[in-house]
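A.B. asks: Heads up: the sequence shown runs through residues 1 to 197, numbered per full-length UniProt numbering.
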Amino acid sequence: QRVMIAMALACDPDLIIADEATTALDVMVQAQILTLLQDLVSQRNAGLIMISHDLSVLADVCDRTMVMYAGKVVETGDATSLFDAPRHPYSDALGAAFPVIGDPAARNNPRGLAGDPPVPGQIPSGCSFHPRCPVARPECAEQEPELLEVAVLGESGAAELEDAGGPRLSACLVAQSGESIRFTRTPASEMPQEGAR
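1) Tell me, please, whether the region 131-138 touches the region 110-119 by the rule of three or more beta-carbon pairs shorter than 8 Å.
2) Count the other C-beta atoms from every protein chain shown that fall within 10 angstroms of the C-beta of S91, then say buried if there are 16 or more, exposed otherwise.
3) Looking only at its own chain, which residues have a Cβ that is under 8 Å from the Cβ of L40, when we skip the five neighbours before and after it?
4) Between R2, E142, L58, which has its C-alpha nearest C127's C-alpha?
5) Grouping DSSP H, G and I as helix and E and B as strand, with all else coil, what is I16?
6) Thinking C-beta only, is V74 closer than 7 Å to V67?
7) What residues are listed by DSSP as bridge partners for M68?
8) G121 by DSSP, collapsed to three states: which one?
9) Note the first and the last residue of the continuous beta strand (DSSP E) segment covering I51.
10) When you compare each of Q43, K72, I33 to D14 by their alpha carbons, which one comes out closest?
11) Whose CA, out of D84, G112, G77, L94, lies closest to the CA of S170?
12) For L36 and V174, what's the separation of their Cα atoms in angstroms?
13) Closest by CA to G71, which one among C172, E20, G121, D54?
14) Looking at the structure shown, is L113 part of a helix, part of a strand, or coil, going by DSSP?
15) Would you report the Cα separation of R137 and A31, rounded to the nearest angstrom?
16) Which same chain residues end up closer than 6 Å to G157 when comparing Cβ atoms and leaving out the 5 residues on each side of it in sequence?
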């Protein structure tokens, strides 16, 4: 990974695209690679796009996060708040895929998604996630949701249209309806210290 990063930086790029740069690395090496990338981006004043299935890595490294499903963007927002309070069921499923340290129930009962991802070229009508979605409604099978701004519940309990990193966008009809979506995962900010992800 370090050699690949060195080769990429030899061209003095303005933008670095790191595609699964930490996949299959142990935690210590992963942390070293992420620190190296952050330092290099800062020193060179370059942009960084990280592609990863590991939302916890993105929450630590990125300012903003974009979640895609079946080739389409389903949610964007500030990386930390998107991880703590997802507004699309697929974003929640990605975050819930990581076990909670100190929670034996989570270890013995991992949470996943029902069904299989769509076959390329055979994407279902409407929202492509609706066959696997725990909050799907009949209209989700008929209407493809646009990526629209959604309210995020703030600390005061009031709905806020913008978080610290800019607008929060979701392609979920339920989130766009203004209804509160309650997922079963506990946000990191509400977890006891010993229960950190």
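The C-beta atom is built at its ideal place from N, Cα and C for all residues, glycine as well.
C.D. replies: Quick look at the numbers:
1) yes
2) The residue given as residue 91 occupies position 91 in the sequence shown. Counting Cβ neighbours within 10 Å, S91 comes out buried, since at least 16 surround it.
3) Within the sequence shown, numbered from 1, the residue matching residue 40 stands at position 40. Only I5, L9, I16, A46 meet the Cβ criterion.
4) Here residue 127 corresponds to residue number 127 of the sequence shown, with the count starting at 1. If we check each option's Cα against that of C127, E142 comes out closest.
5) Start at 1 with the first residue of the sequence shown, and residue 16 comes out as number 16. Here I16 sits in strand by DSSP.
6) As a first step, residue 67 must be located in the sequence shown, where it is residue number 67. As a first step, residue 74 must be located in the sequence shown, where it is residue number 74. Yes, the Cβ-Cβ distance between V67 and V74 is below 7 Å.
7) Within the sequence shown, numbered from 1, the residue matching residue 68 stands at position 68. Beta-bridge pairing links M68 to V73.
8) Counting from 1 along the sequence shown, the entry for residue 121 is found at position 121. Coil.
9) As a working mapping, residue 51 is identified with position 51 in the sequence shown. Where I51 is concerned, the enclosing beta strand (DSSP E) stretches over 47-51.
10) Here residue 14 refers to the residue found at position 14 when the sequence shown is read from its first residue. Among Q43, K72, I33, the Cα nearest to that of D14 is on Q43.
11) For the purposes of this step, residue 170 is identified with residue 170 of the sequence shown, where counting begins at 1. Residue G77 is the option with its Cα nearest to S170.
12) Residue numbering aside, residue 36 sits at position 36 when the sequence shown is read from its first letter. Residue numbering aside, residue 174 sits at position 174 when the sequence shown is read from its first letter. If you take the alpha carbons of L36 and V174, they lie about 40 Å apart.
13) Residue mapping note: residue 71 aligns to position 71 of the sequence shown, counting from 1. Here the closest residue by C-alpha is G121.
14) For the purposes of this step, residue 113 is taken as residue 113 along the sequence shown, with counting starting at 1. If DSSP states are grouped into helix, strand and coil, L113 belongs with coil.
15) Indexing the sequence shown from 1 puts residue 137 at position 137. Indexing the sequence shown from 1 puts residue 31 at position 31. Their Cα atoms are separated by approximately 41 Å.
16) As a first step, residue 157 is located in the sequence shown; it is residue number 157 there, counting from the start. With a pLDDT of 39 at G157, under the threshold of 50, the modelled position of this residue cannot be trusted, and the question is left open.
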